[in-house]
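The structure appears right after this line, and notes come after that.
There are 2 protein chains.
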Amino acid sequence: MSDRNRRLVLAERPTGMVDAETVRLEDADVPEPGPGEALAQVRYLSIDPTIRTWMDDAPGYLPPIGIGEVVRSGGVAEVLSSNSERYAPGDFVFGMTGWQDYVIADEGERTLQVLPPGVSPTAALGVLGVTGMTAYFGLIDVGRVKEGDTVVVSGAAGATGSTVGQIARLKGAAKVVGIAGGPKKCAWLIDELGFDAAIDYKNEDIAERLRETCPDGIDLYFDNVGGVILNACLARLALRGRVVLCGAISSYNEHERVAGPSNYSALILRRGRMEGFIILDYFDRFPQAQAEMAGWLAAGKVKAAEHIVEGLQHAPDALNLLFTGGNTGKVMVRV
Amino acid sequence: MSDRNRRLVLAERPTGMVDAETVRLEDADVPEPGPGEALAQVRYLSIDPTIRTWMDDAPGYLPPIGIGEVVRSGGVAEVLSSNSERYAPGDFVFGMTGWQDYVIADEGERTLQVLPPGVSPTAALGVLGVTGMTAYFGLIDVGRVKEGDTVVVSGAAGATGSTVGQIARLKGAAKVVGIAGGPKKCAWLIDELGFDAAIDYKNEDIAERLRETCPDGIDLYFDNVGGVILNACLARLALRGRVVLCGAISSYNEHERVAGPSNYSALILRRGRMEGFIILDYFDRFPQAQAEMAGWLAAGKVKAAEHIVEGLQHAPDALNLLFTGGNTGKVMVRV
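Same order as they appear, the protein sequences are chains A and B.
Here this note's numbering is used: the first residue of the first sequence is 1, the next is one more, and so on.
Here this note's numbering is used: the first residue of the second sequence is 336, the next is one more, and so on.
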């Protein structure tokens, strides 16, 4: 181990995409674990769209990251030394590590958790982590997916979207349609993940392709993007259709107020429901969902798509990948 | 009775408010009741915002009114002569009478229904009719109103809104706030109907007044209007807040595409739900709801506010009242 801790701190609030001015690399002492604490070295960072929202000085489900604070981020770390019975050197732990080399684990409630046996560090951040849980609870609990449903998911080649489509199939959806950017991602959704159809929003007419692929309407739309795609899906909602609001990635870098979905009134005509959720609320139920997901993974029924970026210093670029659509699957940084 | 049947037929589709060109007064023969049919004279017409939507050539929950067809409308009629055991002369019947003097009742499923004993013709169209049922099922079934809720309703001085506020109180809401146009309506909501507060959207800053009247956020917002008021209420949604979409009266006369609610993403942060409904779906459950409502009426716990316009020929003006806000309570035409 080094005797220095590299930390990426928020230097100024971005107005659009994160750039060279947004974060600053700081060199700090490696923290000393006190009584009941352990020192862990960060191995992987989970790169999620929500990190971008925490950089804004706006009310959210968590407070904004302060200027000069380490960028808040999920991650997996390996315990190096421990003054706690909860942690042993060599253990992998996951939770909020931040964008830095070293982190202290303590014995509090909201601290880092030891990875269950058999779970790889990247799976802990991806399909078995917050990303996979977001797909699971959003689709099953909020969306109440049921047999025979026509399910559409946007951001379908992303970490959450790719998992949503696969779980929908396992839960009996009659048709699974993904919306993604570019023919390569679309082909991947169909060929590798077993989606029935994919819509390339960069090159195709979304409304027309939704008509073609969902002739009887959309029973469940899982929205990761907001904007024009949300609006187009609302217009095709089936009777008693459900819209699960997971995120609005199309707006996170927008400085201006984003237009709302003008087709929201389809919710009246179609007796539809649009509902948002925050995965933190489901934390207590993760173990049961992780057990089911682990079973699917082991049986090859769910594929974990991972997109690894090398080097802590590239975390900001990795974050931007989510917004340019440069990734396929879960983006992580190997520190 | 006259030997002529005056009928208001749709002459051309309006682009904004209904005007002199929209409907045409026709003079037709009084229809002859056949076997199993009865002839009834229309006494009251129910004037509802939805009539305006049926005049557009756009897909809806019912087909558009055809050019040359009698304007579709709810109403109450009195049976004059009958060839059916279901109807006796002197019976009052309610259902879709249309804007005309005479109507035929038959023995089909979707025909006119005889008014239950003790129910006045105007109550049958108002609190005990589709209007009251809309308030009842929207608030209780879709909105799941519960004790301690802070409830906000727009179009609060209208037929549905005024009933929503009163039922919310009866169901244990801690606070009932109405949004209406003008100080007179606002005073009426508080003084006559027992609302806790009223916001005059024509003269007050809606967002500011929502902050004042709902310091802990809105648990349930019953939306009759859409537009900027819906957007302002979304911004104040409490955790797990619910938005019941009943109508969007602010848009029915708009020719241009109306902007969507840009604050819809509050549904994510606040784990909120926005759901639409159409009252026709609840038809089978009307009797139970009407029984409860009749009890409240008899006990003076719900006041039926009625706004009567005289004369069939004024039905188009009566419809426009809903959009100019010229009414307080349920608009009906005495034919």
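Quick reminder that beta carbons are idealized off the backbone N, C-alpha and C, glycines included.
{"Check": "Residue-chain proximity (residue 436 of chain B, chain A), Cβ-Cβ < 8 Å", "Outcome": "no"}
{"Check": "Inter-residue CB distance, residue 266 of chain A and residue 272 of chain A (contact presumed, cutoff 8 Å)", "Outcome": "6 Å"}
{"Check": "Three or more C-beta pairs below 8 Å linking the region 189-205 of chain A and the region 117-137 of chain A", "Outcome": "no"}
{"Check": "Reference residue 313 of chain A, options A/101, A/92 and A/3, closest by Cα", "Outcome": "A/101"}
{"Check": "Touch test, the region 364-384 of chain B against the region 648-658 of chain B, Cβ-Cβ under 8 Å, three pairs minimum", "Outcome": "yes"}
{"Check": "Where the alpha helix (DSSP H) containing residue 130 of chain A begins and where it ends", "Outcome": "130-137"}
{"Check": "Stretch pair the region 89-106 of chain A + the region 293-309 of chain A: three plus CB contacts closer than 8 Å", "Outcome": "no"}
{"Check": "Identity of the residue in B/558, B/451, B/395 and B/450 nearest residue 497 of chain B by Cα", "Outcome": "B/558"}
{"Check": "The region 588-611 of chain B: positions lying closer than 9 Å to chain A by Cβ", "Outcome": "592, 593, 594, 595, 596, 597, 598, 599, 600, 601, 602, 603, 604, 605, 606, 607, 608, 609, 610 and 611"}
{"Check": "Within the region 583-660 of chain B, ranges of the beta strand (DSSP E) (whole runs, at least 3 residues)", "Outcome": "608-611 and 641-645"}
{"Check": "Span of the alpha helix (DSSP H), counted from its first residue to its last, around residue 169 of chain A", "Outcome": "159-170"}
{"Check": "contact_flag[the region 28-38 of chain A, the region 97-113 of chain A] where n(CB pairs < 8 Å) is 3 or more", "Outcome": "yes"}
{"Check": "Residues in the region 33-65 of chain A having any Cβ partner in chain B nearer than 9 Å", "Outcome": "59, 60 and 61"}
{"Check": "Alpha carbon of residue 667 of chain B to alpha carbon of residue 629 of chain B, nearest angstrom", "Outcome": "20 Å"}
{"Check": "C-alpha gap between residue 451 of chain B and residue 141 of chain A, whole angstroms", "Outcome": "43 Å"}
{"Check": "Cβ pair residue 577 of chain B, residue 545 of chain B closer than 8 Å", "Outcome": "no"}
{"Check": "Status (buried if at least 16 other CB within 10 Å, exposed otherwise) for residue 169 of chain A", "Outcome": "buried"}
{"Check": "Among B/399, B/568, B/348 and B/534, the one whose alpha carbon lies nearest that of residue 517 of chain B", "Outcome": "B/534"}
{"Check": "Residues from the region 210-231 of chain A in contact with chain B, defined by Cβ distance under 9 Å", "Outcome": "226, 230 and 231"}
{"Check": "Test: residue 583 of chain B CB closer than 8 Å to a CB of chain A", "Outcome": "yes"}
{"Check": "Chain D contact residues for residue 360 of chain B, given Cβ-Cβ distances below 7 Å", "Outcome": "No chain D appears in the structure shown, which is made up of the protein chains A and B."}
{"Check": "Beta-carbon contacts of residue 669 of chain B that lie in its chain and below 8 Å, excluding the five residues immediately before and after", "Outcome": "378, 379, 643, 644, 645 and 646"}
{"Check": "Own chain, CB closer than 7 Å to residue 495 of chain B, minus 5 neighbours either side, in chain order", "Outcome": "466, 469, 470, 559 and 581"}
{"Check": "Cβ neighbour criterion (16 or more within 10 Å) applied to residue 456 of chain B", "Outcome": "buried"}
{"Check": "Chain A within 8 Å of residue 580 of chain B, Cβ atoms only", "Outcome": "yes"}
{"Check": "C-beta atoms of residue 124 of chain A and residue 81 of chain A nearer than 8 Å", "Outcome": "no"}
{"Check": "Every unbroken beta strand (DSSP E) inside the region 348-375 of chain B [3 residues or more]", "Outcome": "358-364"}
{"Check": "Spatial neighbours of residue 68 of chain A in its chain, beta-carbon cut-off 6 Å, leaving aside the 5 residues before and after", "Outcome": "9"}
{"Check": "Close Cβ partners of residue 275 of chain A (< 6 Å) along its chain, the five nearest in sequence each way excluded", "Outcome": "142"}
{"Check": "C-alpha gap between residue 174 of chain A and residue 599 of chain B, whole angstroms", "Outcome": "29 Å"}
{"Check": "Cβ-based burial, residue 337 of chain B [other Cβ within 10 Å; buried from 16]", "Outcome": "exposed"}
{"Check": "Length of the line joining the Cα atoms of residue 212 of chain A and residue 150 of chain A", "Outcome": "13 Å"}
{"Check": "Secondary structure of residue 515 of chain B, DSSP reduced to three states", "Outcome": "strand"}
{"Check": "Closest residue to residue 284 of chain A among A/296, A/232, A/109 and A/220 (Cα-Cα distance)", "Outcome": "A/109"}
{"Check": "Cβ distance (whole Å) where residue 244 of chain A is taken to contact residue 138 of chain A below 8 Å", "Outcome": "5 Å"}
{"Check": "Own chain partners of residue 530 of chain B with C-beta closer than 6 Å, once the 5 adjacent residues on each side are dropped", "Outcome": "500, 511, 513 and 524"}
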